[in-house]
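Just below is one structure, and these are the notes that go with it.
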Amino acid sequence: MTSRERVLAALRGEPVDRVPIVEFVIDPKVAAALAPGARDVAEASDRLGLDSVGSSATFRRVAQHGAEYVDEWGVRYREGPQVVAHPVAGPLRTRDDLRRWQPPDPEASHRLAGLQGVVARYRGRRAILFHHRAAFMWSAYLVGLDRLLELFYDDPEFVHELFERVVSVNERVIRRAIRLGAEVVCLGDDYASNSGPLFSPAMFRELVLPYLQRVVDAIHDEGALAVKHSDGNLWPLLDDIVATGADGLNPLEPTAGMDLAAVKAVYGQQICLIGNIDCGELLSHGTPAEVDATVAQAIAAGAPGGRFMLSSSNSIHASVRPENYLAMIEAGRRYGLSPA
8 MTSRERVLAA LRGEPVDRVP IVEFVIDPKV AAALAPGARD VAEASDRLGL
58 DSVGSSATFR RVAQHGAEYV DEWGVRYREG PQVVAHPVAG PLRTRDDLRR
108 WQPPDPEASH RLAGLQGVVA RYRGRRAILF HHRAAFMWSA YLVGLDRLLE
158 LFYDDPEFVH ELFERVVSVN ERVIRRAIRL GAEVVCLGDD YASNSGPLFS
208 PAMFRELVLP YLQRVVDAIH DEGALAVKHS DGNLWPLLDD IVATGADGLN
258 PLEPTAGMDL AAVKAVYGQQ ICLIGNIDCG ELLSHGTPAE VDATVAQAIA
308 AGAPGGRFML SSSNSIHASV RPENYLAMIE AGRRYGLSPA
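Here it is in C-alpha coordinates:
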(Lines of atoms letter the chains of each structure in order from A and count residues from 1; the text may use other names and numbers.)
(Lines give C-alpha, C1' and ligand atoms only; values in the text may rest on other atoms or scores of the structure.)
Protein backbone atom coordinates (compact mmCIF):
# COMPACT_ATOMS: atom_id res chain seq x y z
CA MET A 1 0.00 0.00 0.00
CA THR A 2 1.05 3.59 -0.49
CA SER A 3 1.05 5.93 2.49
CA ARG A 4 -2.04 7.64 1.12
CA GLU A 5 -3.90 4.37 0.69
CA ARG A 6 -2.88 3.27 4.20
CA VAL A 7 -4.24 6.38 5.92
CA LEU A 8 -7.50 6.48 3.99
CA ALA A 9 -8.08 2.76 4.54
CA ALA A 10 -7.51 3.05 8.30
CA LEU A 11 -9.96 5.94 8.55
CA ARG A 12 -12.56 3.98 6.57
CA GLY A 13 -12.13 0.83 8.64
CA GLU A 14 -10.55 -1.13 5.79
CA PRO A 15 -7.57 -3.52 6.14
CA VAL A 16 -4.08 -2.01 6.09
CA ASP A 17 -0.64 -3.56 5.67
CA ARG A 18 0.68 -1.75 8.74
CA VAL A 19 -0.44 0.84 11.26
CA PRO A 20 -0.23 4.30 9.64
CA ILE A 21 2.00 6.82 11.39
CA VAL A 22 0.77 10.40 11.27
CA GLU A 23 1.30 13.67 13.11
CA PHE A 24 -0.87 16.75 12.99
CA VAL A 25 1.60 19.34 14.34
CA ILE A 26 5.40 19.11 14.40
CA ASP A 27 7.49 21.98 15.75
CA PRO A 28 9.87 23.28 13.06
CA LYS A 29 12.86 22.95 15.40
CA VAL A 30 12.22 19.23 15.94
CA ALA A 31 11.59 18.77 12.22
CA ALA A 32 14.87 20.53 11.37
CA ALA A 33 16.81 18.37 13.83
CA LEU A 34 15.50 15.17 12.25
CA ALA A 35 15.50 16.30 8.61
CA PRO A 36 18.28 18.87 8.19
CA GLY A 37 17.80 21.06 5.15
CA ALA A 38 14.10 20.30 4.72
CA ARG A 39 12.31 23.35 3.34
CA ASP A 40 9.35 22.95 5.70
CA VAL A 41 7.62 20.55 8.07
CA ALA A 42 5.84 18.81 5.17
CA GLU A 43 9.17 17.91 3.58
CA ALA A 44 10.52 16.77 6.96
CA SER A 45 7.43 14.57 7.42
CA ASP A 46 8.00 13.07 3.99
CA ARG A 47 11.69 12.41 4.65
CA LEU A 48 10.85 10.80 7.99
CA GLY A 49 8.49 8.44 6.17
CA LEU A 50 5.28 9.59 7.84
CA ASP A 51 2.16 8.50 6.02
CA SER A 52 0.70 12.01 5.85
CA VAL A 53 1.78 15.57 5.24
CA GLY A 54 -0.15 18.52 6.54
CA SER A 55 -1.00 22.14 6.00
CA SER A 56 -3.28 24.77 7.48
CA ALA A 57 -4.88 28.04 6.44
CA THR A 58 -2.80 31.22 6.50
CA PHE A 59 -4.17 34.10 8.57
CA ARG A 60 -1.76 36.97 8.20
CA ARG A 61 -0.49 39.27 10.91
CA VAL A 62 -2.03 42.72 10.58
CA ALA A 63 -0.11 44.31 13.48
CA GLN A 64 3.05 43.45 15.42
CA HIS A 65 4.14 44.82 18.80
CA GLY A 66 7.27 43.12 20.07
CA ALA A 67 6.41 39.52 20.93
CA GLU A 68 2.70 40.16 20.38
CA TYR A 69 0.79 40.35 17.11
CA VAL A 70 -2.79 40.64 15.85
CA ASP A 71 -4.09 38.37 13.09
CA GLU A 72 -6.87 38.72 10.54
CA TRP A 73 -9.45 37.51 13.06
CA GLY A 74 -8.55 40.49 15.27
CA VAL A 75 -7.11 38.22 17.97
CA ARG A 76 -3.93 39.29 19.77
CA TYR A 77 -1.34 36.55 20.39
CA ARG A 78 1.88 36.34 22.36
CA GLU A 79 4.71 34.32 20.86
CA GLY A 80 6.66 31.89 23.02
CA PRO A 81 8.90 28.86 22.66
CA GLN A 82 6.21 26.68 21.07
CA VAL A 83 5.10 26.72 17.44
CA VAL A 84 1.54 27.69 18.45
CA ALA A 85 1.31 31.23 19.84
CA HIS A 86 -0.84 31.95 22.92
CA PRO A 87 -4.01 34.04 22.44
CA VAL A 88 -4.16 36.86 24.98
CA ALA A 89 -7.07 39.08 23.90
CA GLY A 90 -9.92 39.14 21.41
CA PRO A 91 -11.81 42.00 19.77
CA LEU A 92 -15.36 41.09 20.85
CA ARG A 93 -17.16 41.97 24.07
CA THR A 94 -20.73 42.84 23.07
CA ARG A 95 -23.31 42.19 20.39
CA ASP A 96 -22.43 45.56 18.88
CA ASP A 97 -18.82 44.42 18.63
CA LEU A 98 -19.99 41.28 16.84
CA ARG A 99 -22.15 43.26 14.40
CA ARG A 100 -19.23 45.56 13.53
CA TRP A 101 -16.63 42.80 13.35
CA GLN A 102 -15.36 41.83 9.92
CA PRO A 103 -14.17 38.20 9.81
CA PRO A 104 -11.35 37.06 7.53
CA ASP A 105 -12.21 36.57 3.88
CA PRO A 106 -12.31 32.80 3.26
CA GLU A 107 -11.66 33.42 -0.44
CA ALA A 108 -8.46 35.46 0.05
CA SER A 109 -5.77 34.39 -2.42
CA HIS A 110 -3.18 33.74 0.30
CA ARG A 111 -5.50 31.69 2.50
CA LEU A 112 -4.55 28.27 1.13
CA ALA A 113 -1.22 28.98 -0.55
CA GLY A 114 0.60 26.59 1.78
CA LEU A 115 -1.84 23.79 1.05
CA GLN A 116 -1.46 24.30 -2.69
CA GLY A 117 2.29 23.76 -2.37
CA VAL A 118 1.87 20.61 -0.28
CA VAL A 119 -0.67 19.17 -2.72
CA ALA A 120 1.61 19.90 -5.68
CA ARG A 121 4.50 18.04 -4.05
CA TYR A 122 2.81 15.07 -2.37
CA ARG A 123 -0.59 14.39 -3.95
CA GLY A 124 -1.08 10.66 -4.55
CA ARG A 125 1.90 9.61 -2.41
CA ARG A 126 1.15 10.89 1.08
CA ALA A 127 -2.29 11.54 2.56
CA ILE A 128 -2.92 15.29 2.48
CA LEU A 129 -4.11 16.57 5.87
CA PHE A 130 -5.65 19.99 6.44
CA HIS A 131 -5.79 21.40 9.96
CA HIS A 132 -8.67 23.74 10.75
CA ARG A 133 -11.51 24.29 13.23
CA ALA A 134 -15.28 24.42 13.42
CA ALA A 135 -16.62 27.13 15.77
CA PHE A 136 -15.61 26.74 19.42
CA MET A 137 -11.91 27.60 19.68
CA TRP A 138 -11.82 30.68 17.45
CA SER A 139 -14.93 31.93 19.24
CA ALA A 140 -13.07 31.44 22.52
CA TYR A 141 -10.17 33.45 21.12
CA LEU A 142 -12.52 36.21 19.95
CA VAL A 143 -14.26 36.78 23.29
CA GLY A 144 -11.97 34.97 25.74
CA LEU A 145 -12.52 31.42 26.95
CA ASP A 146 -13.83 32.35 30.40
CA ARG A 147 -16.24 34.88 28.93
CA LEU A 148 -17.46 32.41 26.31
CA LEU A 149 -18.25 29.82 28.96
CA GLU A 150 -20.12 32.48 30.97
CA LEU A 151 -22.13 33.30 27.85
CA PHE A 152 -23.13 29.64 27.56
CA TYR A 153 -25.26 30.26 30.65
CA ASP A 154 -25.98 33.99 30.43
CA ASP A 155 -26.67 34.54 26.73
CA PRO A 156 -26.82 31.39 24.59
CA GLU A 157 -28.42 33.38 21.77
CA PHE A 158 -25.25 35.47 21.51
CA VAL A 159 -23.19 32.27 21.46
CA HIS A 160 -25.22 30.98 18.52
CA GLU A 161 -24.77 34.27 16.66
CA LEU A 162 -21.01 34.17 17.27
CA PHE A 163 -20.66 30.51 16.31
CA GLU A 164 -22.66 31.08 13.13
CA ARG A 165 -20.35 33.92 12.05
CA VAL A 166 -17.24 31.85 12.76
CA VAL A 167 -18.41 28.56 11.26
CA SER A 168 -19.57 30.30 8.10
CA VAL A 169 -15.98 31.36 7.45
CA ASN A 170 -14.49 28.03 8.43
CA GLU A 171 -16.87 25.92 6.38
CA ARG A 172 -16.00 27.90 3.25
CA VAL A 173 -12.26 27.60 3.94
CA ILE A 174 -12.59 23.85 4.45
CA ARG A 175 -14.63 23.31 1.30
CA ARG A 176 -12.03 25.24 -0.70
CA ALA A 177 -9.22 23.22 0.88
CA ILE A 178 -10.81 19.92 -0.11
CA ARG A 179 -11.39 21.11 -3.66
CA LEU A 180 -7.69 22.00 -3.83
CA GLY A 181 -6.67 18.49 -2.74
CA ALA A 182 -7.01 18.05 1.03
CA GLU A 183 -8.17 14.51 1.75
CA VAL A 184 -8.43 14.51 5.55
CA VAL A 185 -9.56 17.51 7.61
CA CYS A 186 -8.62 17.63 11.28
CA LEU A 187 -10.93 19.83 13.36
CA GLY A 188 -8.82 21.15 16.22
CA ASP A 189 -11.34 22.65 18.65
CA ASP A 190 -10.47 21.56 22.20
CA TYR A 191 -13.47 20.70 24.36
CA ALA A 192 -11.89 19.43 27.58
CA SER A 193 -9.18 19.69 30.21
CA ASN A 194 -7.53 16.75 31.92
CA SER A 195 -10.36 16.57 34.45
CA GLY A 196 -13.21 16.57 31.95
CA PRO A 197 -15.18 18.67 29.44
CA LEU A 198 -15.34 22.45 29.72
CA PHE A 199 -19.15 22.26 29.64
CA SER A 200 -21.90 19.77 30.39
CA PRO A 201 -23.02 17.24 27.78
CA ALA A 202 -26.33 19.10 27.61
CA MET A 203 -24.57 22.39 26.85
CA PHE A 204 -22.41 20.62 24.29
CA ARG A 205 -25.47 19.25 22.50
CA GLU A 206 -27.27 22.59 22.51
CA LEU A 207 -24.46 24.98 21.63
CA VAL A 208 -21.40 23.21 20.21
CA LEU A 209 -22.52 20.00 18.54
CA PRO A 210 -24.70 21.55 15.80
CA TYR A 211 -21.70 23.44 14.40
CA LEU A 212 -19.39 20.45 14.65
CA GLN A 213 -22.00 18.37 12.84
CA ARG A 214 -22.36 21.02 10.15
CA VAL A 215 -18.63 20.99 9.42
CA VAL A 216 -18.31 17.18 9.51
CA ASP A 217 -21.21 17.00 7.05
CA ALA A 218 -19.54 19.60 4.81
CA ILE A 219 -16.29 17.61 4.80
CA HIS A 220 -18.13 14.45 3.79
CA ASP A 221 -20.20 16.35 1.24
CA GLU A 222 -16.93 17.35 -0.46
CA GLY A 223 -15.70 13.74 -0.48
CA ALA A 224 -13.06 14.03 2.26
CA LEU A 225 -12.67 12.43 5.70
CA ALA A 226 -13.04 14.17 9.06
CA VAL A 227 -10.89 13.77 12.18
CA LYS A 228 -12.04 15.30 15.46
CA HIS A 229 -9.16 16.47 17.63
CA SER A 230 -9.62 17.52 21.23
CA ASP A 231 -7.27 17.43 24.15
CA GLY A 232 -8.46 16.37 27.57
CA ASN A 233 -10.89 13.86 29.04
CA LEU A 234 -13.68 13.51 26.48
CA TRP A 235 -15.49 10.51 27.94
CA PRO A 236 -18.77 12.35 28.74
CA LEU A 237 -18.93 13.69 25.16
CA LEU A 238 -17.78 10.66 23.18
CA ASP A 239 -21.21 9.25 22.33
CA ASP A 240 -22.18 12.55 20.71
CA ILE A 241 -18.83 13.08 18.96
CA VAL A 242 -18.85 9.59 17.48
CA ALA A 243 -22.48 10.02 16.40
CA THR A 244 -21.48 12.94 14.15
CA GLY A 245 -19.99 10.39 11.77
CA ALA A 246 -16.46 11.77 12.14
CA ASP A 247 -14.01 9.25 10.72
CA GLY A 248 -11.21 9.68 13.27
CA LEU A 249 -10.64 10.74 16.89
CA ASN A 250 -7.39 12.26 18.11
CA PRO A 251 -5.29 12.43 20.31
CA LEU A 252 -6.64 10.34 23.24
CA GLU A 253 -4.40 11.84 25.93
CA PRO A 254 -3.34 9.07 28.33
CA THR A 255 -2.65 11.59 31.11
CA ALA A 256 -6.27 12.80 30.83
CA GLY A 257 -7.84 9.40 31.42
CA MET A 258 -8.24 8.51 27.74
CA ASP A 259 -7.06 4.93 28.06
CA LEU A 260 -6.61 3.61 24.54
CA ALA A 261 -7.76 0.06 25.29
CA ALA A 262 -10.88 1.33 27.06
CA VAL A 263 -11.82 3.71 24.22
CA LYS A 264 -11.12 0.94 21.70
CA ALA A 265 -13.44 -1.46 23.51
CA VAL A 266 -16.38 0.95 23.32
CA TYR A 267 -15.83 2.87 20.08
CA GLY A 268 -13.15 1.05 18.11
CA GLN A 269 -15.51 -0.32 15.47
CA GLN A 270 -17.17 3.05 14.88
CA ILE A 271 -14.29 5.50 14.56
CA CYS A 272 -10.56 5.37 13.82
CA LEU A 273 -8.53 6.06 16.97
CA ILE A 274 -5.42 8.20 16.44
CA GLY A 275 -2.86 8.50 19.21
CA ASN A 276 -1.74 8.27 21.88
CA ILE A 277 1.98 8.40 22.75
CA ASP A 278 2.45 10.81 25.65
CA CYS A 279 4.20 13.95 24.45
CA GLY A 280 4.10 15.76 27.78
CA GLU A 281 6.42 13.54 29.79
CA LEU A 282 7.49 10.50 27.76
CA LEU A 283 8.53 12.09 24.47
CA SER A 284 9.96 15.13 26.25
CA HIS A 285 11.82 13.51 29.14
CA GLY A 286 11.79 9.73 28.63
CA THR A 287 14.28 7.48 26.88
CA PRO A 288 14.09 5.87 23.44
CA ALA A 289 13.73 2.48 25.13
CA GLU A 290 10.73 3.73 27.12
CA VAL A 291 9.21 5.17 23.96
CA ASP A 292 9.71 1.86 22.16
CA ALA A 293 7.90 -0.06 24.91
CA THR A 294 5.03 2.42 25.01
CA VAL A 295 4.53 2.27 21.25
CA ALA A 296 4.41 -1.53 21.42
CA GLN A 297 1.70 -1.30 24.10
CA ALA A 298 -0.31 1.28 22.14
CA ILE A 299 -0.29 -0.79 18.97
CA ALA A 300 -1.26 -3.91 20.91
CA ALA A 301 -4.23 -2.00 22.36
CA GLY A 302 -5.30 -0.01 19.31
CA ALA A 303 -4.49 -2.01 16.19
CA PRO A 304 -6.51 -5.25 16.51
CA GLY A 305 -9.54 -4.99 14.26
CA GLY A 306 -8.13 -1.98 12.42
CA ARG A 307 -9.23 1.66 12.66
CA PHE A 308 -6.03 2.81 14.38
CA MET A 309 -3.24 5.22 13.50
CA LEU A 310 -0.19 6.02 15.60
CA SER A 311 0.53 9.61 16.64
CA SER A 312 1.51 11.60 19.70
CA SER A 313 -0.99 12.50 22.42
CA ASN A 314 -1.14 16.10 21.20
CA SER A 315 1.73 17.28 19.00
CA ILE A 316 5.46 17.11 18.50
CA HIS A 317 6.09 20.38 20.31
CA ALA A 318 9.38 22.17 20.89
CA SER A 319 10.14 20.28 24.12
CA VAL A 320 10.01 16.84 22.48
CA ARG A 321 13.42 15.23 22.19
CA PRO A 322 14.11 14.53 18.52
CA GLU A 323 15.66 11.15 19.33
CA ASN A 324 12.48 10.14 21.14
CA TYR A 325 10.26 11.08 18.23
CA LEU A 326 12.52 9.13 15.89
CA ALA A 327 12.27 6.15 18.28
CA MET A 328 8.48 6.45 18.14
CA ILE A 329 8.45 6.37 14.34
CA GLU A 330 10.84 3.42 14.17
CA ALA A 331 8.88 1.48 16.78
CA GLY A 332 5.66 2.18 14.90
CA ARG A 333 7.09 0.58 11.79
CA ARG A 334 8.51 -2.36 13.72
CA TYR A 335 5.43 -3.26 15.77
CA GLY A 336 2.72 -2.09 13.39
CA LEU A 337 2.97 -4.66 10.61
CA SER A 338 -0.22 -6.43 9.49
CA PRO A 339 -2.42 -5.39 12.44
CA ALA A 340 -5.70 -6.46 10.88
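Per my numbering, the very first residue in the sequence shown carries number 8; after that it's consecutive.
Virtual Cβ for every residue (Gly too), placed ideally from N, Cα, C.
Exercise for the section: With a cut-off of 8 Å on the beta carbons, I'd call Met144 and Gly195 a contact; round off their distance for me. Expected result: The pair is a contact, with the Cβ atoms about 7 Å apart (cut-off 8 Å).
Looking at the structure shown, is Asn177 part of a helix, part of a strand, or coil, going by DSSP?
Helix, per DSSP.
| Per-residue burial, Leu15 [other beta carbons within 10 Å of its own, 16 or more giving buried] | Buried.
* Whose C-beta lies closer than 7 Å to the C-beta of Asp197 among residues of the same chain, with five residues either side of it excluded? -> Closer than 7 Å at the Cβ level, and outside the excluded window around Asp197, lie Met144, Ser237, Asp238, Gly239.
> Count the other CB atoms within 10 Å of the CB of Arg132; is the residue buried (16 or more) or exposed (fewer)?
Replying inline: Exposed is the call here.
Beta-carbon gap between Val26 and Leu317 smaller than 7 Å: Using a Cβ distance threshold of 7 Å, Val26 and Leu317 count as a contacting pair.
Name the two residues that bound the continuous beta strand (DSSP E) containing Asn283. For Asn283, the enclosing beta strand (DSSP E) stretches over residues 279 to 284.
- Query: How about Ala39 and Arg54: are their beta carbons less than 7 Å apart?
  - Reply: Contact: no.
**Request:** Measure how close the beta-carbons of Leu289 and Tyr332 come, nearest whole angstrom, since I'm counting them as under 8 Å.
**Result:** In fact, because the Cβ distance is near 11 Å, the residues do not count as touching under 8 Å.
Span separating the alpha-carbon of Tyr84 from that of Cys279:
Distance between the alpha carbons of Tyr84 and Cys279: 33 Å.
Is any heavy atom in the ligand GTP found nearer than 6 Å to the beta carbon of Val69?
Here there are no bound small molecules, and the ligand GTP is not part of this structure.
Have a look at the DSSP bridge pairing and note the partners of Val234. Note: Val234 sits in a beta bridge opposite Cys193, Gly255.
Cα separation between Gln277 and Val29?
As the crow flies, the alpha-carbon of Gln277 is around 20 Å from that of Val29.
inquiry  = Which runs of the alpha helix (DSSP H) at least 4 residues long sit entirely within the region 281 to 333? Give them in chain order.
reply    = Unbroken alpha helix (DSSP H) stretches of 4 residues or longer found wholly inside the region 281 to 333: 289 to 292, 295 to 309, given in chain order.
Paired residues, beta bridge with Ser63 - DSSP:
Beta-bridge partners of Ser63 (DSSP): His138.
Under three-state DSSP, which class holds Pro22? Three-state DSSP puts Pro22 in coil, outside helix and strand.
Comparing C-alpha positions only, which one of Val176, Glu75, Val302 sits nearest to Arg221? If you compare the alpha carbons of Val176, Glu75, Val302 with that of Arg221, the shortest gap goes to Val176.
- prompt: Is the beta carbon of Val302 less than 7 Å from the beta carbon of Ala269?
  reply: Contact annotation: Val302 and Ala269 have beta-carbon atoms that are not nearer than 7 Å.
**Asked** Residues in its own chain within less than 7 Å of Pro295 by CB, not counting five upstream and five downstream?
**Response** Within the same chain, Pro295 has close Cβ partners Glu330, Asn331, Ala334.
Can you give the Cα-Cα distance for Gly124 and Val69, rounded to whole angstroms? Each residue's Cα considered, the two are about 23 Å apart.
Inset, instruction - Starting from the Cα of Leu187, find the closest Cα among Asn201, Ser63, Leu241 and give me that residue. - result: If you compare the alpha carbons of Asn201, Ser63, Leu241 with that of Leu187, the shortest gap goes to Ser63.
Ala269 in three-state terms, based on DSSP:
In the structure shown, Ala269 sits in a helix (DSSP, three-state: H, G or I).
Quiz item: Over what stretch of residues does the beta strand (DSSP E) that includes Pro217 continue unbroken?
Solution: For Pro217, there is no enclosing beta strand (DSSP E); the enclosing alpha helix (DSSP H) covers residues 216 to 228.
Spatial neighbours of Arg212 within its chain, please: C-beta separation below 7 Å, excluding the five flanking residues on both sides. Answer for Arg212: Asp247, listed in chain order.
- Item | Integer-rounded CB distance, given that Tyr148 should sit under 8 Å from Pro94 | The Cβ separation is near 4 Å, so the contact holds.
Just grab the DSSP bridge partners of Asp162 for me.
-> Under DSSP, Asp162 takes part in no beta bridge, so it has no partner.
For Ser146, the three-state DSSP class (helix, strand or coil): In the structure shown, Ser146 falls within a helical segment according to DSSP collapsed to helix, strand and coil.
Can you tell me the Cβ-Cβ gap for Cys193 and His138, rounded? I've got them flagged as a contact below 8 Å. Contact holds; Cβ gap of about 5 Å.
Residues sharing a beta bridge with Ala96, DSSP:
Ala96 is bridged by DSSP to Arg83.
DSSP beta-bridge partners of Gly203:
Paired residues: Ser200.
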